[in-house]
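**Student:** According to my numbering, the residues represented by the sequence shown are 13 to 207, in order.
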Amino acid sequence: MKLMNGKSMPENSIVSYDDLSYLSVPYYDFSFKICLGHLIVSKELKNEVLEIFLKLYDLKYPIERIELIDYFYNGKAEDLDLESMRHNNTSAFCCRKVSGTERISNHSLGRAIDINPKINPYISETGTVLPENGLKFSDRGLTYPDISEVEEKAMIHKGDKVYDIFKSYGWDWGGEIWQGRYYDYHHFQKIKYKS
Numbered sequence: 013m014k015l016m017n018g019k020s021m022p023e024n025s026i027v028s029y030d031d032l033s034y035l036s037v038p039y040y041d042f043s044f045k046i047c048l049g050h051l052i053v054s055k056e057l058k059n060e061v062l063e064i065f066l067k068l069y070d071l072k073y074p075i076e077r078i079e080l081i082d083y084f085y086n087g088k089a090e091d092l093d094l095e096s097m098r099h100n101n102t103s104a105f106c107c108r109k110v111s112g113t114e115r116i117s118n119h120s121l122g123r124a125i126d127i128n129p130k131i132n133p134y135i136s137e138t139g140t141v142l143p144e145n146g147l148k149f150s151d152r153g154l155t156y157p158d159i160s161e162v163e164e165k166a167m168i169h170k171g172d173k174v175y176d177i178f179k180s181y182g183w184d185w186g187g188e189i190w191q192g193r194y195y196d197y198h199h200f201q202k203i204k205y206k207s
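1. Return the chain-ordered list of same chain residues with a C-beta closer than 8 Å to the C-beta of Tyr282, the five sequence neighbours on each side being excluded.
2. Suppose contacts are defined by Cβ-Cβ distances below 8 Å. Is Cys107 in contact with Asp93 by that definition?
3. Grouping DSSP H, G and I as helix and E and B as strand, with all else coil, what is Met21?
4. Would DSSP call Ser33 helix, strand or coil?
5. If you run the structure through DSSP and keep just helix, strand and coil, what is Val27?
6. Terminal residues of the continuous beta strand (DSSP E) containing Leu68?
7. Quick one: what does DSSP say Tyr83 is sitting in, helix, strand or coil?
8. For Leu80, count neighbouring Cβ atoms within 10 angstroms of its own Cβ and tell me buried if that reaches 16, exposed if not.
9. State the CB to CB distance for the pair Ala124 and Lys19, rounded to an integer number of angstroms; the pair is presumed to be in contact (CB under 8 Å).
10. Quick one: using the 10 Å Cβ neighbour count with 16 as the cut-off for buried, is Thr102 buried or exposed?
11. Where Val53 and Leu121 are concerned, what is the direct C-alpha to C-alpha distance, given to the nearest angstrom?
12. Could I get the ranges of all uninterrupted alpha helix (DSSP H) runs contained in the region 96–182, with 4 residues as the minimum, in chain order?
13. So His199 is in the beta strand (DSSP E); what residue range does that whole segment cover?
14. Would you call Asn86 buried or exposed, if buried means 16 or more other Cβ atoms sit within 10 Å of its Cβ?
15. On the criterion of 16 or more Cβ atoms from any shown chain inside 10 Å, does Met97 qualify as buried, or is it exposed?
16. Could you round the C-beta distance between Lys55 and Leu32 to whole angstroms and report it? I think they count as a contact, below 8 Å.
17. Pick from Met16, Phe42 and Leu57: whose alpha carbon is nearest that of Lys204?
18. In or out: Ser207 buried (at least 16 other Cβ within 10 Å) or exposed?
19. Quick check on DSSP: helix, strand or coil for Asp91?
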């Protein structure tokens with residue numbers, strides 16, 4: 013995985029390549045064309061992630077792109093996540109800290125996936141929206157014709173089919189687990205141990 017070295021996989025990574033799996037998953041893009049996407053996830057989760065994405069495919073849930081986060085490298089590894097989000101890229105593994113903290117992200121373990129992050133942005137407790145080009149999607153009540161039909165379909169809400177698929181496998185959704193502090197509408201994670 014030469015592409016990942018020094019980018020999503022720094023020298024001081026807390027996992028090795030042996031802990032991870034490279035997956036190819038089918039999906040419908042925003043033109044409803046069938047595409048093949050690529051994700052790096054924890055080896056322990058590879059089978060269920062494949063099943064989840066096959067169910068999303070069966071739903072014809074639109075995903076703009078699924079590329080390894082390393083393709084969005086601009087010369088600074090610390091910008092990988094934001095650059096990927098700006099391009100509405102669905103991604104999983106990236107060894108990094110949680111934005112604005114010293115805590116290790118579950119993406120560093122391959123145990124988190126961000127789905128259509130521009131359409132499903134992160135909103136901090138102070139109201140900062142990331143990525144910045146996802147600002148209008150911070151209004152979670154948007155519908156067609158204020159947004160396109162495909163954007164409306166790509167928005168994730170509690171209780172919708174995308175949410176239900178991830179929840180059925182025991183994944184948590186960032187749109188509800190940190191309520192009151194921040195909302196991470198694109199983020200799903202499955203942590204190894206729950207207290």
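We put the CB at the ideal spot given by N, CA and C, even for glycine.
**Tutor:** In this structure, then:
1. This structure leaves residue 282 out entirely; the chain is present only between 13 and 207.
2. no
3. strand
4. strand
5. coil
6. Taken as a continuous stretch (DSSP letters only), Leu68 belongs to no beta strand (DSSP E), being part of the alpha helix (DSSP H) at Lys58 to Leu71.
7. helix
8. buried
9. Not confirmed; about 17 Å, so no contact.
10. buried
11. 8 Å
12. 161–166 and 173–180
13. His199 to Gln201
14. exposed
15. buried
16. 6 Å
17. Leu57
18. For Ser207, the pLDDT reaches just 42, beneath the cut-off of 50, and the residue's location in the model is therefore unreliable, although a value from the coordinates is still provided. Exposed, since its Cβ has fewer than 16 Cβ neighbours within 10 Å.
19. helix
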